[in-house]
Amino acid sequence: MLDTVLGLAITPSTIGWVIADLGSPGCPTRDGEEVRVADADAGSDAAALAEQAGAVAAQICATLAARGERLHGLAVTWSDDAAVGVALLLEALADAGVEHVVPVRYGQAAEALACGIGPRGAQPAVCIVEADVATLVLPDPSGGASPLVTACPISGIDDVAGWLRDAVRAGDRRPDALMVAGSVRGMDRLGRRLESTLSMPVFVQGGALQALARGAALTLAPHAELTAASLDAAAGGMPAGAIGLLRARPLSYVAALLLLAGGVVTLVASVAAALSLQLGPGREVPDPPPQRATVARVAVPSA
81 MLDTVLGLAI
91 TPSTIGWVIA
101 DLGSPGCPTR
111 DGEEVRVADA
121 DAGSDAAALA
131 EQAGAVAAQI
141 CATLAARGER
151 LHGLAVTWSD
161 DAAVGVALLL
171 EALADAGVEH
181 VVPVRYGQAA
191 EALACGIGPR
201 GAQPAVCIVE
211 ADVATLVLPD
221 PSGGASPLVT
231 ACPISGIDDV
241 AGWLRDAVRA
251 GDRRPDALMV
261 AGSVRGMDRL
271 GRRLESTLSM
281 PVFVQGGALQ
291 ALARGAALTL
301 APHAELTAAS
311 LDAAAGGMPA
321 GAIGLLRARP
331 LSYVAALLLL
341 AGGVVTLVAS
351 VAAALSLQLG
361 PGREVPDPPP
371 QRATVARVAV
381 PSA
């Protein structure tokens, strides 16, 4: 029986998800997808975002349960502008009886994704490129768990190179390598350009939100053996419409939202989940690294 972890990455426009296999070295990705949020262009609707993300999670959990697979945990990461929707989602998952749901900070998910790239002991940075925004996660030079996360609105991929050049060179957080993950065209060309401009190894990976979801899942994988209970019951019994009940409920998620905004989340259902938050990116995660951008190949998570 396979042991799996589900990772979710949520922005107001896109939901990325991956299923990672705990039973194989490096916790390879077995499946994943990026889902466009319905009516995303019409503006942000936190309840609708939570409802769609919950439906995605419910469908995946039901599929796994039907296969007889055991789900060790569900890791969720998010962008700042999706925090309200994620707070609603976490509350709904708890109400539905889903255990071992771990909120993972954006920077922590990005750092976990980049572990193992570059020379041994390197501190890589990660840039997530979406259609209208690029987000850079710079490592803590002291080796701590306080990455610097900055974002920049973009109108196209050409805007990314200049902004990254200035952002990486500024301050005392110059990384040893850079991973760029994106779902837009021209990523291989951007990688070559950045490697020339920054004079450091640059790795390119396709699927921005799918990659970030994988990073979230990786924060759970090393500690999955500590979980005493599986998600079998919750996965099989979580109705796809459970999130919709939030529309008729008072907004009791305010406390969770404040914790989300502050970067300290206590909505954890197990000791293993708490450990995964504390021990997250400061470890070596064995996983095949992406290909170097100099050979113009875009790496995708292993299936």
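Take 81 as the starting number for the sequence shown in our numbering and just add one per residue. We put the beta carbon where it would ideally sit given N, CA and C, even for glycine.
message = Let me confirm a value: Ala155 is counted as buried when at least 16 other C-beta atoms fall within 10 Å, else exposed. Which label applies?
response = Residue mapping note: residue 155 aligns to position 75 of the sequence shown, counting from 1. Counting Cβ neighbours within 10 Å, Ala155 comes out buried, since at least 16 surround it.
inquiry  = Considering only their Cβ atoms, is the gap separating Arg110 from Asp101 smaller than 7 Å?
reply    = For the purposes of this step, residue 101 is identified with residue 21 of the sequence shown, where counting begins at 1. For the purposes of this step, residue 110 is identified with residue 30 of the sequence shown, where counting begins at 1. Taking 7 Å as the Cβ cut-off, Asp101 and Arg110 qualify as a contacting pair.
ask   = Can you check whether the CB of Val260 is closer than 7 Å to the CB of Ala231?
value = Position 151 of the sequence shown, counted from the start, is the residue given in the question as residue 231. Position 180 of the sequence shown, counted from the start, is the residue given in the question as residue 260. No, the pair does not count as a contact, with Cβ atoms beyond the cut-off.
request  = Flag this pair as yes or no: are the beta carbons of Gly286 and Ala189 separated by less than 7 Å?
outcome  = As a working mapping, residue 286 is identified with position 206 in the sequence shown. As a working mapping, residue 189 is identified with position 109 in the sequence shown. Result no, Cβ atoms of Gly286 and Ala189 do not sit closer than 7 Å.
request  = Would you identify the three-state DSSP class for Thr143, choosing helix, strand or coil?
outcome  = The sequence position of residue 143 within the sequence shown is 63, counting from 1. For Thr143, the three-state secondary structure derived from DSSP is helix.
key: alpha helix (DSSP H) runs contained entirely in the segment 226 to 312, provided each spans 4 or more residues   = Listed in chain order, the complete alpha helix (DSSP H) runs (minimum 4 residues) inside the segment 226 to 312 are 238 to 249, 267 to 278 and 288 to 300.
task = Return the chain-ordered list of same chain residues with a C-beta closer than 6 Å to the C-beta of Ser159, the five sequence neighbours on each side being excluded.
result = Indexing the sequence shown from 1 puts residue 159 at position 79. Only Thr91 meet the Cβ criterion.
message = Give me the residue from Leu298, Ala288, Leu274 and Ala205 with the minimum Cα distance to Val217.
response = On the sequence shown, position 137 is the one that residue 217 refers to. Nearest option by C-alpha distance: Ala205.
request  = Can you have a look at Ala349 and say buried or exposed, based on whether 16 or more other CB atoms are within 10 angstroms of its CB?
outcome  = As a first step, residue 349 must be located in the sequence shown, where it is residue number 269. Residue placement at Ala349 is flagged as unreliable, the pLDDT there being 35, under the threshold of 50; the coordinate-derived value follows with that caveat. Buried, since its Cβ has 16 or more Cβ neighbours within 10 Å.
Cα-Cα separation, Asp246 to Leu298 = Within the sequence shown, residue 246 is the residue found at index 166, counting from 1. Within the sequence shown, residue 298 is the residue found at index 218, counting from 1. Using only the alpha carbons, I get a separation of about 30 Å.
inquiry  = I need the DSSP call for Glu131, collapsed to helix, strand or coil.
reply    = In the sequence shown, counting from the first residue as 1, residue 131 sits at position 51. Of the three classes helix, strand and coil, the one that applies to Glu131 here is helix, per DSSP.
request  = Please go through the same chain and pick out, in chain order, the residues whose beta-carbon is closer than 7 Å to the beta-carbon of Arg269, but skip the five residues on each side of it.
outcome  = For the purposes of this step, residue 269 is taken as the residue at position 189 of the sequence shown. Taken in chain order, the list of residues that qualify is empty.
key: Residues near Val229 in its chain [Cβ-Cβ closer than 7 Å; skip 5 each side]   = To locate residue 229, count along the sequence shown from 1; it is residue 149. Correct list, in chain order: Tyr186, Gly187, Thr215 and Val217.
ask   = Is the distance from the Cβ of Pro219 to the Cβ of Pro255 below 7 Å?
value = If you number the sequence shown from 1, residue 219 lands on position 139. If you number the sequence shown from 1, residue 255 lands on position 175. Taking a C-beta distance under 7 Å as the contact criterion, Pro219 and Pro255 qualify as a contact pair.
ask   = What whole-angstrom Cβ distance do Leu169 and Ala130 have, given they're in contact under 8 Å?
value = Here the question's residue 169 lines up with position 89 in the sequence shown. Here the question's residue 130 lines up with position 50 in the sequence shown. Contact between Leu169 and Ala130 holds: CB atoms are separated by about 4 Å, below the 8 Å threshold.
ask   = How long is the line joining the alpha carbons of Ala257 and Ala241, rounded to whole angstroms?
value = Stepping through the sequence shown from its first residue, residue 257 is reached at position 177. Stepping through the sequence shown from its first residue, residue 241 is reached at position 161. Rounded to whole angstroms, Ala257 to Ala241 spans 15 Å at the Cα level.
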